[in-house]
Each structure stands twice: as C-alpha cells, then as structure tokens.
Amino acid sequence: MGVETLVLADSCYGACDLADVKAKQLGCDVLVHYGHADMGVSACLPTLYIEARMSVDPRGVVERVLPELKFKRVGLLTTVQHIAHLKNVAKLLRSSGIKPFIGRPGPRAKYPGQLLGCDFGCARSVAARVDGFLYIGTGEFHPLGAALATGKQVLAVNPISEGFKMLSPDIDAFLRARKAMIARATAGERFGIIVSTKPGQVRFKLAEKIFKDLKRAGKVAH
Numbered sequence: 001m002g003v004e005t006l007v008l009a010d011s012c013y014g015a016c017d018l019a020d021v022k023a024k025q026l027g028c029d030v031l032v033h034y035g036h037a038d039m040g041v042s043a044c045l046p047t048l049y050i051e052a053r054m055s056v057d058p059r060g061v062v063e064r065v066l067p068e069l070k071f072k073r074v075g076l077l078t079t080v081q082h083i084a085h086l087k088n089v090a091k092l093l094r095s096s097g098i099k100p101f102i103g104r105p106g107p108r109a110k111y112p113g114q115l116l117g118c119d120f121g122c123a124r125s126v127a128a129r130v131d132g133f134l135y136i137g138t139g140e141f142h143p144l145g146a147a148l149a150t151g152k153q154v155l156a157v158n159p160i161s162e163g164f165k166m167l168s169p170d171i172d173a174f175l176r177a178r179k180a181m182i183a184r185a186t187a188g189e190r191f192g193i194i195v196s197t198k199p200g201q202v203r204f205k206l207a208e209k210i211f212k213d214l215k216r217a218g219k220v221a222h
C-alpha cells in the first residue's frame, strides 16, 4: 500500500496508555493502537483501535471448574480479549442451573461485562444481585480489583493455562498489609520519590508535597 510503518514496542498497560506523543514526535500521521477498546481518551493524533480477540473457547475449562463455583447467582466478568465468549459462558451456566448476570459497562468501558483496571462499574452494577463472580482472563489484577470493589468472592478462570483461583475480598488484610508497609517506611531515613509519566499518573504536585513533608520530618529525600 506504500505506507511506511513504525512499531512502537514499549510496554502498554491499556487504552489510556497511548503512544500518540511518541508517534507524533516520529512524524506519524496516524496511530494504530492494538489490543484494547477505545475508552475515549483524547490523543494528539487520529487513533485507530484494533481490539484483540482470543480464539480460545473458555467453556471447556469453565465446565471443569463448575464444582468449585458454589454460587447460584453469578456475575460474569472479563477483559476485552475474551468479551466475545461471555454469552456462550452464560448459556453454559444456565444449562447447569446457575443464573448468570452480565453487568452494564462502566463509564470508561465499552462492553457489558468488561473490566478495566480503573473501572469496575460492570461488577458493581450487579453486585447486589449475585452471590459471587466468575472472571475469565489471565492474571489476578482485574479479578482482585473486582473483589475489593464489590466485597464478593471472584473465581478467576484462566482459559490459556486452564488454571483457576478463588479470590476473596479480604479488605482488612489488604489494609493491614498497607499499614505495615507504611510503618516500615517511617523507620527509614533516605527516600526516593518516583513520578510516573503514564497518562493519568503524572502527579508531580503530589510528589513535590511528599518531598517537602519528608524534608520537614528531617528525612533525606530525592
């Protein structure tokens, strides 16, 4: 087609983490963002979103872990890569006597049942009507966030590894661990302050405040 293409291969953590500034610096006319769904983030270049879709059918592993699913009313959750399989999983659950719920998308999500690391709206929208959740996807980041956001257990099923894990919303343990880290930090004398340049995470004013607070406390800060 006669189009010159550049591959920007830095780490990418979501549709909010666009490489538009870098692409513009390199003289690109258009950015193609592969993997995530558009969440309405403004960009300095026209951006085309190509959503990734996993071809692996999760129904086989879901069927095998049904004995671990002690819920009769289940909320279904996933990421955009597996979103096309949710309705078929819902049919499987119904045939097994389990009532599935797929929540409406949150303000940043595009599809019903879709979780984002910054948007658990679909889980919250059905939390009062379910006993727990079934998450289809990889990793624990999204399902753990859903558990903490709703106070419900989440059975995380990985259709790639075919593993599964029940995640509990142990908020007290989470807060205790956080307080323990803070307590350990108060015993320190030298601190380095790191500021992320990722979209939505550039909190330089907060970093400056922490720097001044540490100085006032007699600590060494950089």
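1 is the number of the first residue of the sequence shown in this note's numbering; add one for each residue after it. All residues carry an ideal CB built from backbone N, CA and C; glycine is no exception. Because the structure is a prediction, the values reported are computed rather than measured.
Exercise for the section: Pick out whichever of Arg108, Arg53, Val130 and Asp131 has its Cα sitting closest to the Cα of Gly121. Expected result: Arg108
Exercise for the section: Following the continuous alpha helix (DSSP H) through Val65, name the residue where it begins and the one where it ends. Expected result: Arg59 to Val65
Exercise for the section: Check whether the Cβ atoms of His82 and Gly163 lie closer than 8 Å to each other. Expected result: It is not a contact, given that the beta carbons lie outside the stated cut-off.
Handout entry: For Thr78, the residue or residues it bridges with in DSSP
Key = Gln114 and Ile136
Problem - Lys219: CB within 7 Å of a non-hydrogen atom of the ligand GDP - result: Absence of the ligand GDP is noted for the structure shown, with no ligands found whatsoever.
Practice task
Could you check the C-alpha separation between Val80 and Ser168 for me, to the nearest Å?
Solution key: Distance from the CA of Val80 to the CA of Ser168, rounded to the nearest whole angstrom, comes to 23 Å.
Handout entry: Distance, Val220 Cα to Glu189 Cα
Key = 6 Å
Practice task
Within 10 angstroms of the Cβ of Asp29, are there 16 or more other Cβ atoms? Answer buried if so, exposed if not.
Solution key: Per the 10 Å Cβ criterion, exposed.
Practice task
Could you name the residues that DSSP lists as bridge partners for Asp119?
Solution key: Leu116
Problem - Extent of the continuous alpha helix (DSSP H) run through Phe211 - result: First-last of the alpha helix (DSSP H) with Phe211: Phe204 to Arg216.
Practice task
Give me the Cα-Cα distance between Lys110 and Ala37, rounded to the nearest whole angstrom.
Solution key: For the pair Lys110 and Ala37, the Cα-to-Cα distance works out to about 7 Å.
Practice task
Using 10 angstroms around the beta-carbon of Val3, count the other beta-carbons present and answer buried if the total reaches 16, otherwise exposed.
Solution key: Looking at its Cβ environment, which holds fewer than 16 other Cβ atoms inside 10 Å, Val3 is exposed.
Exercise for the section: Would you check if there are 3 or more beta carbon pairs closer than 8 Å linking the region 150-158 to the region 118-135? Expected result: These segments touch.
Handout entry: Where the beta strand (DSSP E) through Leu48 begins and ends
Key = Thr47 to Glu51
Handout entry: Status (buried if at least 16 other CB within 10 Å, exposed otherwise) for Gly106
Key = buried
Handout entry: Nonlocal neighbours in the same chain, by C-beta distance under 6 Å from Leu69, ignoring five residues either side
Key = Leu155
Practice task
Determine contact between the region 15-34 and the region 42-57, defined as no fewer than three beta-carbon pairs at a distance below 8 Å.
Solution key: yes
Practice task
Report the rounded CA-to-CA distance for Arg129 versus Arg73, giving the unit in angstroms.
Solution key: Using only the alpha carbons, I get a separation of about 7 Å.
Exercise for the section: Look at the alpha carbon of Gly200 and the alpha carbon of Lys215, and state the distance between them as a whole number of angstroms. Expected result: Those two C-alpha atoms are separated by around 26 Å.
Practice task
Compute the Euclidean distance between the alpha carbons of Asp17 and Lys198, then round it to the nearest angstrom.
Solution key: 6 Å
Problem - Three-way DSSP call (helix, strand, coil) for Gly14 in this model - result: coil
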